[in-house]
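Student: The listed protein sequences correspond, in order, to chains U and E. Residues in the first sequence are numbered from 32 upward in steps of one, following our numbering. Residues in the second sequence are numbered from 14 upward in steps of one, following our numbering. Dumping the structure here so I can ask a few things about it.
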Amino acid sequence: MHPNLSFEQAPPLSVPFRFFLTAPLFGVAAGLLLFVQGGAMLGSRWMPGTLAGTHLLVAGFMLQTMCGALLQFVPVAAGGNIWRPRLVAGVVHPLLVAAVLLLATAFLTEHTMLFLAAAHSFALALGIYLLVVARALWRTPACGATIITLRIALAGLLVTLIFGVALASGLARGGNLPFLILTDIHAAWGLGGWALMLLAGVAYFVVPMFQLTPAYPAWLARGFPWLLLVVLLLWTTQLFGFSDNARIALLLSGLGLAGVFAAETLHLQSRRRRKVSDSTLWFFRTAMISLLALLLSVALFVMLPTLSSDPRSAVWLGMLVLVGVFVSAISGMLYKIVPFLIWLHLQRLGGLNTLPPTMNQMIAERTMRRQYFVHLGALALLLAAVWLPALARLAGLALALDCALLGLNLIVAVRVYLGFKDRIHAAAGDR
Amino acid sequence: MPSLTEPLHRHHKHCDDLFADAEAAVAARDWERAGPLVVDFQKELETHFRTEEEVLFPAFEASTGMVGGPTQMMRFEHAQMRDLMDQMQVALSGRQGDNFAGAAETLLIFMQQHNMKEENILYPMCDRSLAAQAGPLGVELSGRLAASCLPVS
Numbered sequence: 032m033h034p035n036l037s038f039e040q041a042p043p044l045s046v047p048f049r050f051f052l053t054a055p056l057f058g059v060a061a062g063l064l065l066f067v068q069g070g071a072m073l074g075s076r077w078m079p080g081t082l083a084g085t086h087l088l089v090a091g092f093m094l095q096t097m098c099g100a101l102l103q104f105v106p107v108a109a110g111g112n113i114w115r116p117r118l119v120a121g122v123v124h125p126l127l128v129a130a131v132l133l134l135a136t137a138f139l140t141e142h143t144m145l146f147l148a149a150a151h152s153f154a155l156a157l158g159i160y161l162l163v164v165a166r167a168l169w170r171t172p173a174c175g176a177t178i179i180t181l182r183i184a185l186a187g188l189l190v191t192l193i194f195g196v197a198l199a200s201g202l203a204r205g206g207n208l209p210f211l212i213l214t215d216i217h218a219a220w221g222l223g224g225w226a227l228m229l230l231a232g233v234a235y236f237v238v239p240m241f242q243l244t245p246a247y248p249a250w251l252a253r254g255f256p257w258l259l260l261v262v263l264l265l266w267t268t269q270l271f272g273f274s275d276n277a278r279i280a281l282l283l284s285g286l287g288l289a290g291v292f293a294a295e296t297l298h299l300q301s302r303r304r305r306k307v308s309d310s311t312l313w314f315f316r317t318a319m320i321s322l323l324a325l326l327l328s329v330a331l332f333v334m335l336p337t338l339s340s341d342p343r344s345a346v347w348l349g350m351l352v353l354v355g356v357f358v359s360a361i362s363g364m365l366y367k368i369v370p371f372l373i374w375l376h377l378q379r380l381g382g383l384n385t386l387p388p389t390m391n392q393m394i395a396e397r398t399m400r401r402q403y404f405v406h407l408g409a410l411a412l413l414l415a416a417v418w419l420p421a422l423a424r425l426a427g428l429a430l431a432l433d434c435a436l437l438g439l440n441l442i443v444a445v446r447v448y449l450g451f452k453d454r455i456h457a458a459a460g461d462r
Numbered sequence: 014m015p016s017l018t019e020p021l022h023r024h025h026k027h028c029d030d031l032f033a034d035a036e037a038a039v040a041a042r043d044w045e046r047a048g049p050l051v052v053d054f055q056k057e058l059e060t061h062f063r064t065e066e067e068v069l070f071p072a073f074e075a076s077t078g079m080v081g082g083p084t085q086m087m088r089f090e091h092a093q094m095r096d097l098m099d100q101m102q103v104a105l106s107g108r109q110g111d112n113f114a115g116a117a118e119t120l121l122i123f124m125q126q127h128n129m130k131e132e133n134i135l136y137p138m139c140d141r142s143l144a145a146q147a148g149p150l151g152v153e154l155s156g157r158l159a160a161s162c163l164p165v166s
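Now the structure itself:
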């Protein structure tokens, strides 16, 4: 294969967009679930509602957008050819949607068959997805820190899937699995090995690109994924027994690495050559500050055992990482990716000399800024509600509103796309 | 030894700087300052495009026989960026800050992904396939970029 093939491999717009447009709905669902269940849902990470809500966010919102984004990113930015992207997206996307709904329902109803059905759906959807994307990422002629980090992220997703399927099958069949340990391993790989790894790999690429910052230093870009991988592998050995001290040391090491990545990102952004700041920059900063807050919180919990013995401390960490880090970063990214891809497709469709609406005409900066403040409000309420359960319902509504506005803004952009596409077709018909 | 395409890498960064200054001036609605800054940016970017289209790409195509491949794609993207620059120019003349910002935002992302494709894929291919004529070609590339009034820093 000649490397020049990678020049023009952008998939059809529907491939990433079907993931992007359904993801906010899962965020809305998570918010509404909290609204319905109220403060009880935030009492501990093991409540059925908490587990359902968590998976609506991680597998419904995060995994969906990340899978969609990677199908675009791998061919365009990493030079990898995705095999039949439209077909793959057409199969993987509905399977993933079904898998998340089955899993959330399984947690809420504790219906064993549903766990099994969810496990099978996830295994099939992500099995296909991993095969196709891994093949593209291992065959690409491109190299560099982003490619390595993305490859490790895919491995992270595979491990997350394996432990997730084991857990779901265990819940379905009953039996004597070490659920606590397996859950901690599953969560670490999902959040660290897949989500954070992918965020870092993409950040190496887009942070300098969106804000004209200096590049990430090579030691960090190359060292971060491998060191995080080592921490995750060591974390997995708790399957064979582990002291509390080893556990704390590894947790702090992993989060310390995340903290270095976050601090360097903020530092780079403070040195950006582009003087104009936009919503994406603020979303990204919020994500990085949340990541630092996560590290500080864990350090604090280690020092104050009375606090960490409170089951709500884990819920606090969950809120920070899911809503603070990932919902923020993903929202900011979507606000760049979606309008830009629409512009690109309209431009290609109309040919040169057509002037599609510019990115800011698809989603106005004001609108994105407004949603950013709603998001900040939702995050603050969710964090407060962990300790003040009376706020839980309001926080749930705020999260639902946050994600609904994100989704609506994306839909507005898609409507601009459809409208302009019709005009191009009409103009072509007139000629 | 610096590679053949090294001056082009550096010139990308130079264009980024000019872009940032122009965009900031318009964002501050400092139209007096913005006018010349936008012109500087446009001029440098155009020089960059022409250097590639008239020197580097033909040499690459002659040496590899690949005419319809990546260089064709890059030429097309140059045309797309010229359209966006025109849009920026129109917005500037009409002092329409929001329209300028929209076109600038789109151009920035387009330009960055274009640069990355060049820097990560096309330039390394050029460095390999044009190694034999790197001397004279390199002189011409640097000469053209440096001659475009502003120093290549």
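Glycine is no exception: its CB is placed at the ideal position from the N, C-alpha and C atoms.
Taking 8 Å as the CB-CB limit, is U:ALA108 close to chain E?
Tutor: True, the Cβ-Cβ gap to chain E drops below 8 Å.
Student: Residues in the same chain with beta-carbon distance under 7 Å from U:SER328, minus the five sequence neighbours each way, listed in chain order, please.
Tutor: Only TRP347, LEU348 and LEU351 meet the Cβ criterion.
Student: Starting from E:GLU36, find everything on chain U with Cβ-Cβ shorter than 9 Å and list it in chain order.
Tutor: Neighbours of E:GLU36 on chain U, chain order: ARG305, LYS306 and VAL307.
Student: Can you list the residues of chain E that U:LYS367 reaches, using a CB-CB cut of under 9 Å?
Tutor: By Cβ distance, chain E contributes GLU118 and ILE122.
Student: Is it right to say E:PRO164 is buried, meaning 16 or more other beta carbons lie within 10 angstroms of its own, or is it exposed?
Tutor: The predicted model places E:PRO164 with a pLDDT of 49, which falls under 50 and marks its position as unreliable, so this point remains unresolved.
Student: For a contact meaning CB atoms closer than 8 Å, what does U:MET390 contact in chain E?
Tutor: Going along chain E in sequence order, the residues near U:MET390 (Cβ under 8 Å) are GLY115, GLU118, THR119 and ILE122.
Student: What is the DSSP secondary structure of U:MET93, counted as helix, strand or coil?
Tutor: Reduced to three states, the DSSP call for U:MET93 is helix.
Student: Counting only the same chain and skipping the five closest in sequence on each side, list residues whose C-beta sits under 6 Å from that of U:ALA246.
Tutor: Excluding positions up to five away in sequence, the list reads PRO239.
Student: Would you mind telling me which residues of chain E sit closer than 9 Å to U:PHE371, beta carbon to beta carbon, in chain order?
Tutor: Within chain E, the residues near U:PHE371 are GLU118, THR119, ILE122, PHE123 and GLN126.
Student: Flag U:ALA120 as yes if its beta-carbon sits less than 8 Å from any beta-carbon of chain C, otherwise no.
Tutor: Judged by its chain identifiers, the structure shown contains no chain C, and its protein chains are U and E.
Student: Within the 8 Å Cβ cut-off, does U:MET399 reach chain E?
Tutor: For U:MET399, the answer is no, since every Cβ of chain E falls outside 8 Å of its Cβ.
Student: For E:GLN109, name the three-state secondary structure that DSSP assigns.
Tutor: Three-state DSSP puts E:GLN109 in coil, outside helix and strand.
Student: Chain E beta carbons: is any one of them nearer than 8 Å to that of U:PRO34?
Tutor: A caution first: U:PRO34 carries a pLDDT of 36, below 50, which makes its placement in the model unreliable, though a value can still be read off. Answer yes: the Cβ-Cβ gap between U:PRO34 and chain E drops below 8 Å somewhere.
Student: State yes or no: is the C-beta of E:HIS91 within less than 8 Å of the C-beta of E:PHE62?
Tutor: Taking 8 Å as the Cβ cut-off, E:HIS91 and E:PHE62 qualify as a contacting pair.
Student: Report the rounded CA-to-CA distance for U:ARG397 versus E:MET124, giving the unit in angstroms.
Tutor: When rounded, the distance between both Cα atoms is 24 Å.
Student: Can you list, in chain order, the residues of the segment 58-92 of chain E whose Cβ is nearer than 7 Å to any Cβ on chain U?
Tutor: Here the close residues are MET79, GLY82, PRO83, MET86 and ALA92.
Student: Using the Cβ count rule (16 or more neighbours within 10 Å means buried), how would you classify U:SER274?
Tutor: Burial call: exposed.
Student: Is it buried or exposed for E:ALA78, if we count other Cβ within 10 angstroms and need 16 for buried?
Tutor: In the sequence under discussion, the amino acid at residue 78 of chain E is Gly, which differs from the Ala named in the question. Exposed: under 16 other Cβ atoms inside 10 Å.
Student: Determine which residues of the segment 162-185 of chain U have a Cβ less than 9 Å from any Cβ of chain E, and write them out in chain order.
Tutor: Going along the segment 162-185 of chain U in chain order, one finds PRO172, ALA173, CYS174 and GLY175 with a Cβ nearer than 9 Å to chain E.
Student: Distance cutoff 8 Å, beta carbons only. Does U:SER37 sit that close to anything in chain E?
Tutor: Because U:SER37 carries a pLDDT of 42, less than 50, the predicted location of this residue cannot be relied on, and the following value inherits that uncertainty. Yes, because at least one Cβ of chain E sits closer than 8 Å to the Cβ of U:SER37.
Student: Taking only the alpha-carbon atoms, compute the straight-line gap between U:ALA395 and U:LYS367 and give it to the nearest angstrom.
Tutor: Going by the C-alpha atoms only, they are around 12 Å apart.
Student: Classify U:ASP433 as buried or exposed, calling it buried when 16 or more other Cβ atoms lie within 10 Å of its own Cβ.
Tutor: Buried, by the Cβ-count rule.
Student: Is there a Cβ from chain U that is less than 8 Å from the Cβ of E:MET94?
Tutor: No - not a single Cβ of chain U is within 8 Å of the one on E:MET94.
Student: Please classify E:ARG42: does DSSP put it in a helix, a strand, or coil?
Tutor: Correct three-state label for E:ARG42: coil.
Student: Touching or not, the segment 28-36 of chain E and the segment 46-59 of chain E, by the rule of three or more beta carbon pairs under 8 Å?
Tutor: Yes, the segment 28-36 of chain E is in contact with the segment 46-59 of chain E.
Student: Hey, U:LEU168 and U:VAL105 are a contact pair by Cβ (cut 8 Å); roughly how many whole angstroms apart?
Tutor: The pair is a contact, with the Cβ atoms about 6 Å apart (cut-off 8 Å).
Student: At a CB-CB cut-off below 8 Å, which residues of chain E make contact with U:GLN402?
Tutor: Ordered by position in chain E, no residue passes the 8 Å Cβ test against U:GLN402, which lies about 17 Å from the chain.
Student: What does a CB cutoff of less than 6 Å around U:LEU353 pick up in its chain, not counting 5 residues either side in sequence?
Tutor: These residues qualify, in order along the chain: LEU88.
Student: Find out if the Cβ-Cβ distance for the pair E:PRO71, E:SER155 is shorter than 8 Å.
Tutor: Taking 8 Å as the Cβ cut-off, E:PRO71 and E:SER155 do not qualify as a contacting pair.
Student: Using a Cβ-Cβ cut-off of 6 Å (strictly less than) and excluding sequence neighbours within five positions of U:ASN378, which residues of its own chain qualify?
Tutor: A small fix is needed here, since residue 378 of chain U is Gln in this sequence, not Asn. Closer than 6 Å at Cβ, skipping near neighbours: PRO387.
Student: Could you tell me the alpha carbon to alpha carbon distance between U:MET393 and E:GLY107, rounded to whole angstroms?
Tutor: Cα-Cα distance, rounded: 21 Å.
Student: Closer than 7 Å, Cβ to Cβ, to anything on chain U: give me those residues from the segment 14-33 of chain E, in chain order.
Tutor: Cβ contacts with chain U: ASP29, ASP30 and ALA33.
Student: Just how far apart, CA to CA, sit U:GLY450 and U:LEU383?
Tutor: So the alpha carbons of these two residues sit roughly 18 Å apart.
Student: Below 7 Å CB to CB, which residues in the same chain sit around U:THR53 once its five sequence neighbours on both sides are set aside?
Tutor: Around U:THR53: GLN95 and VAL128.
Student: What I want to know is whether the C-beta of U:LEU230 ends up closer than 7 Å to one or more non-hydrogen atoms of the ligand HEM.
Tutor: This structure does not include the ligand HEM; it has no bound ligands of any sort.
Student: If you drop the 5 nearest sequence neighbours on each side, which residues of the same chain put their C-beta closer than 7 Å to that of U:PHE38?
Tutor: A caution first: U:PHE38 carries a pLDDT of 46, below 50, which makes its placement in the model unreliable, though a value can still be read off. Contacts found: none.
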